[in-house]
Amino acid sequence: MAKILVIGSSGQIGTELVIELRKTLGGEQVVASDIKLPMEEVLFGGPFEELDVLDPVHITRVVEKHNIKEVYL
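Quick note, the numbering used here runs 11 ahead of the 1-based positions in the sequence shown.
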């Protein structure tokens, strides 16, 4: 199964997206990320990476670390 990275998971849409994807795919399959910490349900419901979307090197590291196949922004 392909792992998904959600960039911007602390916003309203990102939070709801992560929660629903994790319900459907399982907590470990969806990596939440944002420049700030998300609400507890997102933070503790599966993997979270503090990530600045303007840092392409860090994004690449996160994608490789978690074997990401899809990215939602």
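We treat Cβ as the ideally placed atom computed from N, Cα and C, and that holds for glycine.
{"Check": "Taking only the alpha-carbon atoms, compute the straight-line gap between ALA43 and GLU60 and give it to the nearest angstrom.", "Outcome": "6 Å"}
{"Check": "Going by Cα to Cα distance, which pick from GLU31, ALA13 and MET12 is closest to SER20?", "Outcome": "GLU31"}
{"Check": "Is GLY57 near VAL41, with beta carbons less than 7 Å apart?", "Outcome": "yes"}
{"Check": "Pick out whichever of HIS77, VAL82 and ARG33 has its Cα sitting closest to the Cα of GLU52.", "Outcome": "ARG33"}
{"Check": "Considering only the beta carbon of each residue, do ILE18 and LEU84 sit closer than 7 Å?", "Outcome": "yes"}
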